[in-house]
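One gets our numbering by counting positions in the sequence shown from 1 and adding 3 to each. Positions of the beta carbon are idealized from the N, C-alpha and C atoms, including for glycine. Only a predicted model underlies this, so the values are computations on that prediction, with no experimental measurement involved. Heads up: the structure comes next, in structure tokens.
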Amino acid sequence: CVLVGTEQSIDVATKQIQEHFTIKIEDELNDYLGCEIKLDLDRKRGWISQPHIIKNLKAKFAEEVRHLKSTKTPGTPGYGFVKPKSEDEHLSNDMQAKYRSGVGTLLYLVKHSRPDLANPVRELTKGMDGATMAAFKEMHRLIKHVLDTEEYGLKLFPTVDKTWELIAFSDSDFATDKDTRISVTGFIIYFMGVAVAWKSRGQKSVSLSSTESEFYACSETVREILFIVQVLESMGIKVKLPITVHVDNVGAIFLANNQTSGDRTKHIDTRYHFVREYIEDGTIKVVFVKTHLNDADLHTKNVAGELYEKHSRKLICTEVDMKN
């Protein structure tokens, strides 16, 4: 387990655990749950990677993707998974098993060290029960990119400030699923400038407008923020309020800040309106951000090279970058 706190509280907790269990104490945290953790000499900046996952991908797919061209982005810009239309389009059982294995391995990377891969991997997960050759090739492209950028990991460059600050970016891609017309929710949450939570996920129901899908995404973001605040407060950390959520849709911001029930909005599930309560009590503040400045855009669609580079550099870096 990992203990976080003052030296005195850690010593007390350690002694209490030792009374019941035989434990090994490591002063330096270098490896945790398969993640390699490194800090610079001043212990002010860090970097997290998953070399075991990369090694696994190499063993399974290195030969298959070796001949592919290197790409600037993990996913083909604009790509969206489409279900097989006939039995002839389905992969063979062996290829489908390999597809599930590859996508499942990529999910572990997204979870801990490569948030930049969230949307491309989410698209591929739609084919876990039946993929096409096009999806299989897209998985190969993604794995090739991962192997070409294996030196990259999660960037831990916290800002130096006396206040504990959370900042979030929320976004959605309206009706992007070609089969179901489900919209995509994407968000990224920073604590002291470090990404601590991210998500790219299809929404649970079909939205009737981009405003509605953006409002749903904002609500999901606020739910995650509240959980993070509870975790931080359990460690004695008081977060600066209000917590700013950046949204690039004026209609969604209006819905969040105002009590309204017009013909276009009265059908929206009331459970999503809870965000307004936290705006009114000063916990949350929803503000507008231009689309090209919205970090969460990376988590709702496969973006082109320039935009990918702009957003991903805030999330990932190499060990060399961390030391410089």
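Less than 8 Å between the beta carbons of residue i and residue j, yes or no?
i: N297; j: F139; result: no
i: V290; j: I282; result: no
i: I146; j: F64; result: yes
i: F177; j: S213; result: yes
i: I40; j: G49; result: yes
i: D151; j: S216; result: no
i: I13; j: S116; result: no
i: L318; j: D180; result: no
i: Y219; j: T188; result: yes
i: Y155; j: C320; result: yes
i: K313; j: D43; result: no
i: S186; j: S175; result: yes
i: V106; j: V113; result: no
i: H143; j: V197; result: no
i: A16; j: L6; result: yes
Please name the residue or residues paired with residue i in a DSSP beta bridge.
i: L42; result: G49
i: V289; result: V248
i: W187; result: Checking the sequence shown, residue 187 turns out to be Val, not Trp. In the DSSP output, where bridge partners are listed per residue, V187 has D176, G205.
i: G81; result: Its beta-bridge partners do not exist; DSSP assigns none.
i: D34; result: E39
i: F194; result: L169, V197
i: V242; result: W167
i: Y155; result: T321
Grouping DSSP H, G and I as helix and E and B as strand, with all else coil, what is residue i?
i: T108; result: helix
i: F64; result: helix
i: V323; result: helix
i: L229; result: helix
i: F160; result: coil
i: A259; result: helix
i: V306; result: coil
i: P2; result: The shown model of the chain, from 4 to 327, leaves out residue 2, and the question about it has no answer.
i: F24; result: coil
i: D182; result: coil
i: R117; result: coil
i: A138; result: helix
i: N59; result: helix
i: S73; result: coil
i: E29; result: coil
i: N96; result: helix
i: G254; result: helix
i: D298; result: helix
i: D14; result: helix
i: T9; result: coil
i: R144; result: helix
i: L150; result: helix
i: S315; result: helix
i: C221; result: helix
i: S212; result: coil
i: K129; result: coil
Between residue i and the rest of its own chain, which residues show a CB-CB distance below 7 Å, the 5 nearest in sequence each way excluded?
i: H278; result: The sequence as given places Val at residue 278; His does not occur at that position. Excluding sequence neighbours, V278 sits near C221, S222, V225, A259, I287.
i: R54; result: Checking the sequence shown, residue 54 turns out to be Pro, not Arg. So the qualifying residues of the chain are E39.
i: L60; result: T108, I146, V149, L150
i: D284; result: none
i: E153; result: I57
i: L159; result: R48, G49, W50, I51, V197
Output needed for residue i: all residues of its chain with C-beta closer than 8 Å, excluding positions within five of it in sequence on either side, in chain order.
i: M195; result: P161, T162, D164, W167, E168
i: V199; result: I192, Y193, I231
i: E236; result: V242
Leaving out five residues on either side along the sequence, give the residues of the same chain with a beta carbon under 6 Å from the beta carbon of residue i.
i: E126; result: F84
i: Y311; result: T76
i: D300; result: D174
Against chain B, does residue i count as a neighbour if the rule is that its beta carbon must be under 8 Å from one of theirs?
i: S73; result: No chain B is part of this structure, which consists of one protein chain only.
> Is it true that the segment 72–83 meets the segment 297–307, where meeting means three or more beta-carbon pairs spaced less than 8 Å apart?
Replying inline: The segment 72–83 is in contact with the segment 297–307.
>> Pairs of beta-carbons, one from the segment 86–103 and one from the segment 148–165, closer than 8 Å: are there three or more?
In response: Taking a cut-off of 8 Å for Cβ pairs, the segment 86–103 and the segment 148–165 do not touch, as fewer than three such pairs fall below it.
> Does the pairing of the segment 98–109 with the segment 123–143 give three or more beta-carbon distances under 8 Å?
Replying inline: With the rule of 3 Cβ pairs closer than 8 Å, the segment 98–109 counts as touching the segment 123–143.
>> With three or more C-beta pairs closer than 8 Å as the rule, is the segment 202–220 touching the segment 237–244?
In response: At 8 Å Cβ cutoff, the stretches do not touch.
>> With three or more beta-carbon pairs closer than 8 Å as the criterion, would you say the segment 232–239 touches the segment 249–262?
In response: Verdict: no, contact absent.
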